[in-house]
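Asks:
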Amino acid sequence: MRTKKLGIAFAAVLSTAFAGWSASVQAWEPTKTVEFIVPAGIGGGAGQMAQLIQGVIQKHKLMPTSMVVISKKGGSGAEGFLYVKHAKGDPHKIIITLSNLFTTPMATGSPFSWQDYTPIAMMALDEFVFWVNAKTPYMTPNEYIKAVKAAGGKMKMGGTGSKQEDQIITAAVEQITGAKFTYVPYSGGGTVCTQLVGGHIDSSVNNPVECVGHWRAGSVRPLCVFDENKMPYPDKIAGDKSWEDVPTCKSQGLDIEYLMLRGIMTAPGVSQDAVDYYIGVLKKVRETPEWKEYMKKGAFNQSFMTGAEFKQWLAKTAERHHALMEKAGFLKK
Amino acid sequence: MDAFLSLLHGFDVLLTFNNLFYMVLGILFGVLLGFLPGVGGANGIAILLPLTFSMDKTTAIIMLAAIYWGALFGGCISAILFNIPGEPWSVATTFDGHPLAKQGRAGEALTASLTSSFIGALIATLVLTFLAPIVANFALDFGPPEYFAVYLLTFCSFVGMGRQSPFKVLSAMMLGFAFAAVGTDEVTGGVRLTFGTETLLTGFHFLIAVIGLFGIGEILVTIEHGLNFEGQKAKINPLVVWETWKKLPQYWVTIIRGTAVGVWLGVTPGGATPASFMSYGLAKRFSKNGDKFGTGELEGVVAPETAAHSAGTSALLPMLTLGIPGSPTAAVLLGGLLIWGLQPGPLLFVEQKDFVWGLIASIYLGNLVGLVIVLSTVPLWASIMRVPFSIIAPIVIVVCAIGSYTLSNAPADLIFMVMFGVIGYLFKKLNYPLAPMVLAIVLGGRAENAFRQSMIGAQGDLSVFWSNGLVGTITALSMVMLFWPLIHWLYQRLR
Numbered sequence: 000m001r002t003k004k005l006g007i008a009f010a011a012v013l014s015t016a017f018a019g020w021s022a023s024v025q026a027w028e029p030t031k032t033v034e035f036i037v038p039a040g041i042g043g044g045a046g047q048m049a050q051l052i053q054g055v056i057q058k059h060k061l062m063p064t065s066m067v068v069i070s071k072k073g074g075s076g077a078e079g080f081l082y083v084k085h086a087k088g089d090p091h092k093i094i095i096t097l098s099n100l101f102t103t104p105m106a107t108g109s110p111f112s113w114q115d116y117t118p119i120a121m122m123a124l125d126e127f128v129f130w131v132n133a134k135t136p137y138m139t140p141n142e143y144i145k146a147v148k149a150a151g152g153k154m155k156m157g158g159t160g161s162k163q164e165d166q167i168i169t170a171a172v173e174q175i176t177g178a179k180f181t182y183v184p185y186s187g188g189g190t191v192c193t194q195l196v197g198g199h200i201d202s203s204v205n206n207p208v209e210c211v212g213h214w215r216a217g218s219v220r221p222l223c224v225f226d227e228n229k230m231p232y233p234d235k236i237a238g239d240k241s242w243e244d245v246p247t248c249k250s251q252g253l254d255i256e257y258l259m260l261r262g263i264m265t266a267p268g269v270s271q272d273a274v275d276y277y278i279g280v281l282k283k284v285r286e287t288p289e290w291k292e293y294m295k296k297g298a299f300n301q302s303f304m305t306g307a308e309f310k311q312w313l314a315k316t317a318e319r320h321h322a323l324m325e326k327a328g329f330l331k332k
Numbered sequence: 000m001d002a003f004l005s006l007l008h009g010f011d012v013l014l015t016f017n018n019l020f021y022m023v024l025g026i027l028f029g030v031l032l033g034f035l036p037g038v039g040g041a042n043g044i045a046i047l048l049p050l051t052f053s054m055d056k057t058t059a060i061i062m063l064a065a066i067y068w069g070a071l072f073g074g075c076i077s078a079i080l081f082n083i084p085g086e087p088w089s090v091a092t093t094f095d096g097h098p099l100a101k102q103g104r105a106g107e108a109l110t111a112s113l114t115s116s117f118i119g120a121l122i123a124t125l126v127l128t129f130l131a132p133i134v135a136n137f138a139l140d141f142g143p144p145e146y147f148a149v150y151l152l153t154f155c156s157f158v159g160m161g162r163q164s165p166f167k168v169l170s171a172m173m174l175g176f177a178f179a180a181v182g183t184d185e186v187t188g189g190v191r192l193t194f195g196t197e198t199l200l201t202g203f204h205f206l207i208a209v210i211g212l213f214g215i216g217e218i219l220v221t222i223e224h225g226l227n228f229e230g231q232k233a234k235i236n237p238l239v240v241w242e243t244w245k246k247l248p249q250y251w252v253t254i255i256r257g258t259a260v261g262v263w264l265g266v267t268p269g270g271a272t273p274a275s276f277m278s279y280g281l282a283k284r285f286s287k288n289g290d291k292f293g294t295g296e297l298e299g300v301v302a303p304e305t306a307a308h309s310a311g312t313s314a315l316l317p318m319l320t321l322g323i324p325g326s327p328t329a330a331v332l333l334g335g336l337l338i339w340g341l342q343p344g345p346l347l348f349v350e351q352k353d354f355v356w357g358l359i360a361s362i363y364l365g366n367l368v369g370l371v372i373v374l375s376t377v378p379l380w381a382s383i384m385r386v387p388f389s390i391i392a393p394i395v396i397v398v399c400a401i402g403s404y405t406l407s408n409a410p411a412d413l414i415f416m417v418m419f420g421v422i423g424y425l426f427k428k429l430n431y432p433l434a435p436m437v438l439a440i441v442l443g444g445r446a447e448n449a450f451r452q453s454m455i456g457a458q459g460d461l462s463v464f465w466s467n468g469l470v471g472t473i474t475a476l477s478m479v480m481l482f483w484p485l486i487h488w489l490y491q492r493l494r
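First to last, the sequence lines map onto chains C and L.
Position 87 of the first sequence, counting from 1, maps to 86 under numbering that gives the first Met the number 0, and the rest follow consecutively.
Position 213 of the second sequence, counting from 1, maps to 212 under numbering that gives the first Met the number 0, and the rest follow consecutively.
1. With a threshold of 6 Å on Cβ separation, who are the neighbours of residue 13/C within its own chain once the five nearest residues in sequence on each side are excluded?
2. Which one or two residues does DSSP pair with residue 409/L in a beta bridge?
3. How would you write the range of the beta strand (DSSP E) that residue 196/L sits in, first residue to last?
4. Of the residues that make up the stretch 24 to 52 of chain L, which ones have a beta carbon closer than 9 Å to any beta carbon in chain C?
5. Suppose contacts are defined by Cβ-Cβ distances below 8 Å. Is residue 43/L in contact with residue 32/L by that definition?
6. Tell me the DSSP bridge mates of residue 115/L?
7. Using Cβ-Cβ distances below 9 Å, what residues of the stretch 88 to 104 of chain C are close to chain L?
8. Put residue 333/C into one of helix, strand or coil per three-state DSSP.
9. List the whole-angstrom C-beta distance separating residue 129/C from residue 222/C, where the pair is believed to meet the contact cut-off of C-beta under 8 Å.
10. I'd like to know if the stretch 265 to 277 of chain L and the stretch 291 to 311 of chain L are in contact, where contact means that at least 3 CB-CB pairs between them fall below 8 Å.
11. Thinking just about the alpha-carbon of each residue, which of 470/L, 369/L, 463/L and 456/L is nearest to the one in residue 155/C?
12. Let's see if you can read the secondary structure: which residues bound the beta strand (DSSP E) around residue 466/L?
13. Can we say the stretch 381 to 396 of chain L touches the stretch 180 to 197 of chain L, given the rule of at least three CB pairs closer than 8 Å?
14. Near residue 333/C, what residues of its chain come up, given a Cβ to Cβ distance below 7 Å and the 5 sequence neighbours on each side ignored?
15. Would you say residue 452/L reaches chain C, if we count a Cβ-Cβ gap shorter than 8 Å as a contact?
16. Between the beta-carbon of residue 304/C and the beta-carbon of residue 120/C, is there less than 8 Å?
17. Keeping to the same chain, check which residues put their C-beta closer than 8 Å to that of residue 191/C; ignore five residues upstream and five downstream.
18. How about residue 117/C: is its C-beta nearer than 8 Å to some C-beta of chain L?
19. Using three-state DSSP, classify residue 35/C as helix, strand or coil.
20. Any C-beta of chain C sitting closer than 8 Å to the C-beta of residue 338/L?
21. Expressed to the nearest angstrom, what Euclidean distance is found between the alpha-carbon atoms of residue 465/L and residue 474/L?
22. Can residue 212/L and residue 419/L be called in contact, C-beta distance under 8 Å?
23. Can you look up residue 261/C in the DSSP assignment and give me helix, strand or coil?
24. Of all the residues that make up the stretch 139 to 170 of chain C, which are near chain L by a beta-carbon distance shorter than 8 Å?
25. Taking the C-alpha atoms as reference points, what is the distance between residue 20/C and residue 83/C?
26. Counting only C-beta atoms, is residue 194/C closer than 8 Å to chain B at any point?
27. Which residues bound the beta strand (DSSP E) around residue 128/C?
28. For residue 301/C, which residues of its own chain have a beta-carbon under 6 Å away from its beta-carbon, when the five flanking residues on both sides are left out?
29. What residue ranges within the stretch 259 to 308 of chain C form continuous beta strand (DSSP E) runs of no fewer than 3 residues, ordered along the chain?
30. From residue 96/L to residue 327/C, what distance separates their C-alpha atoms?
31. Given a threshold of 16 other Cβ atoms within 10 Å of its Cβ, counted over all protein chains shown, does residue 308/C qualify as buried or as exposed?
32. Excluding five sequence neighbours on each side, which residues of the same chain lie with their C-beta closer than 6 Å to the C-beta of residue 178/C?
33. Consult DSSP for residue 104/L and reduce its assignment to one of helix, strand or coil.
34. Could you please give the first and the last residue of the uninterrupted alpha helix (DSSP H) stretch that includes residue 184/C?
35. Return helix, strand or coil for residue 70/L, following the three-state DSSP convention.
36. Look at the Cβ atom of residue 53/L, then the Cβ atom of residue 58/C, and state whether they are nearer than 8 Å.
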């Protein structure tokens, strides 16, 4: 009896081991629901993109299992990042990143860094545009900065959150021009743009998608874009203006470039097989008409990177954030 | 006339088999989500959003909006029957709704609450249809000082409204503010009161607090009283709907006031939660039966429900025209708009006529269908109260636990739920009021942010709260509310 039981147990162990082995020979595929973590609110830019990706994957059946989008926004995103960090080796958890991948640990001392994660791909970069209310007379950044200087620190710049991308850009503008703003933090980019329309703040550095509705309605005016090149979208949006007509800030004498990462990473220690699998799926996502339409609506910078190139970009960007935040005095001491 | 024609066009869009089918499906699903504490309309919509991808976008928004109406209706059922509000704006409904249920009058409470929800929504939709161009831009006038003034008004209309001593009210409120402060501080980005743990980074979710304080706390109290659940006296009366309807017209002042508060806070967009609290506070203060509020007054159910539902409905206006979400659910819907390739903004009404007017038409029909569905089941819901407590209590606890866990898949939330349950029990034993604490937990964070944003913008100058007609009026109103007992006393002395 006893030996028989042992024999069965042995066979069971053997067969599971064998099954495991045979699975590892095949390319990796998710075997259960994939958790897609958003270290921010669902309504914001990262949440939207995550939901779009989830929807596209479902509609075009790009994955054998389902995917759920979960928002973990606590501690300026630290909640989501730490959750994935603690899931060491679990390829069923992926996370979409914002700039808070860099800024949150630097500003709050949360125990994580970009190096903790296994990078999958950069899906796009989000642009930042310098906006003022359309009722104001300022047509160029220079005119506006002059007015800010004359007001002596009373002009209000609104932005999302504190010591994050919007405030970093504000600080950079201050350092380069010597002007002084009063920075007012809000909970989301959409709110910031309506506050600008309502005249409660004087300017903002909203992403294109957050302000485009108001631009088309003629309530806000883009002064310049914080990118090396102009946004390559020639479709007319507001009157006869297109995204392409917005000059770069550099060409206007405001030499600042800032783009926000919309990238996807997974837990530490995940195998290359799994990473390759996700890269394959995401490449297919980028080919869908839904994705292309979304890129155009939000005037995204459509850079795509994976592997070593992406890692290099991450290292460079982390360094740059450190420098920017140090200059602005946002680093946690 | 234009609006009327557009509305007809909207019904034309709506009245296809497909759209109607998904609308009814959405309502049924929404009622269920609203009824189950913790899941809620926002979560339900977030889960279904990606599924709507392969649908026509008008059908998709009609279905998702129907879930929203269903959840609004369903939320008050569990609030009244089990003292567990499924959504933040149902909290004020429990104050009088649950005492009514305990007296065996659950059917009346349910009918009153559902019917007044419907009236609130209907009036708000009429405003949406005919006054949209006029009120659409109200929200733009709201900067941080205005938001803070609205929250202040909500708090002030609540202070001194209980039978308890004002000091107990105040200490309960302060404790609520302390709970609200836990987690990330939005203005500085720093973390507060987390004791170095990761679990507390997001702070206490309001729903966990409410499920614990009301649901678990109530069960603990009942257990102590020897498992006597007075709801068992409830008779199943098929005519209860009709009989309650006969009583409702006498509350017309409360209904109008509730709707006015709701529409105003919906379009501005202060949101449904402050609207329901404010309407309850105002009704208590100005009603003849104000003293009896909290012991089971139908009027105390009518007031918050009209306001919550009219605010919830009119909150769609700033969402569509300005891209400002007036509620968590609206925030998720907003994400949907962008994913479907629609740009919320002032031009949406012009460019997407089918979409916008189809949606508005679906609000009329959706609410009517929702009302019929839930009202026809009122006797059924009310009869749940007849089930012996020893059977229902464990089920309620399990449902509460599932709801708490689903919110963010965090096991720690279960511990917090029990912790708040114990606090709720102690508050009842020591005769402290729960309402001010819950109000502070719900609105404390938002009020604090608005105050600090105002202070940053005004360089610390408090006169910003009187800096223009709008904010000045709201602040002055708050002061009147706060000192009302004193004003009332002086007035009588002078006479």
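Think of the CB as a built atom: it goes at the ideal place given N, C-alpha and C, for glycine as much as any other residue.
Replies: Quick look at the numbers:
1. Low confidence applies to residue 13/C: its pLDDT is 47, below 50, so where it sits in the model is not reliable enough to give any reading.
2. In the DSSP assignment, no residue is bridged to residue 409/L.
3. No beta strand (DSSP E) holds residue 196/L; DSSP gives it neither H nor E.
4. Within the stretch 24 to 52 of chain L, the qualifying residues are 41, 45, 46, 48, 49, 50, 51 and 52.
5. Between residue 43/L and residue 32/L, the gap from beta carbon to beta carbon is short of 8 Å.
6. For residue 115/L, DSSP assigns no beta-bridge partner whatsoever.
7. Those would be 102 and 103, in chain order.
8. In the structure as shown, chain C starts at 0 and stops at 332, and residue 333/C therefore has no counterpart that could be examined.
9. Rounded, the Cβ-Cβ distance is 4 Å, consistent with contact.
10. Touching, per the Cβ criterion.
11. When each option's Cα is compared against that of residue 155/C, the closest is 456/L.
12. Going by DSSP, residue 466/L is part of no beta strand (DSSP E) at all; its letter is neither H nor E.
13. Of all C-beta pairs linking the stretch 381 to 396 of chain L to the stretch 180 to 197 of chain L, fewer than three are shorter than 8 Å, placing the two stretches out of contact.
14. With chain C covering only 0 through 332, there is no way to say anything about residue 333/C.
15. At a cut-off of 8 Å between C-beta atoms, residue 452/L counts as an interface residue with respect to chain C.
16. Cβ atoms of residue 304/C and residue 120/C: closer than 8 Å.
17. Excluding sequence neighbours, residue 191/C sits near 157, 158, 159, 165, 185, 200, 203, 205 and 209.
18. With 8 Å as the cut-off, residue 117/C does not count as an interface residue toward chain L.
19. DSSP places residue 35/C within a strand segment (E or B) once states are collapsed to three.
20. Proximity of residue 338/L to chain C, defined by a Cβ-Cβ separation below 8 Å, is satisfied.
21. Here the alpha carbons of residue 474/L and residue 465/L stand approximately 7 Å from one another.
22. Yes. Within cutoff.
23. In the structure shown, residue 261/C sits in a strand (DSSP, three-state: E or B).
24. For the stretch 139 to 170 of chain C, which is checked against every Cβ of chain L, the residues closer than 8 Å are 153, 155, 160, 161, 162 and 163.
25. In this predicted model, residue 20/C has a pLDDT of only 46, less than 50, meaning its place in the structure is not dependable enough to derive any value.
26. The displayed structure is made up of protein chains C and L, and chain B is not among them.
27. Element bounds for residue 128/C: 128 to 132.
28. Beyond the five residues adjoining it in sequence on each side, residue 301/C comes within less than 6 Å, by CB distance, of 123 and 294 in the same chain, given in chain order.
29. Correct list: 259 to 265.
30. Note on geometry: alpha-carbon atoms of residue 96/L and residue 327/C lie some 54 Å from one another.
31. With fewer than 16 Cβ atoms within 10 Å of its Cβ, residue 308/C is classed as exposed.
32. Correct list, in chain order: 144, 147 and 148.
33. Note: residue 104/L maps to coil in three-state DSSP.
34. Residue 184/C: not part of any alpha helix (DSSP H); member of the beta strand (DSSP E) spanning 181 to 185, first to last residue.
35. Looking at residue 70/L - three-state DSSP - the assignment turns out to be helix.
36. Yes, the pair counts as a contact, with Cβ atoms nearer than the cut-off.
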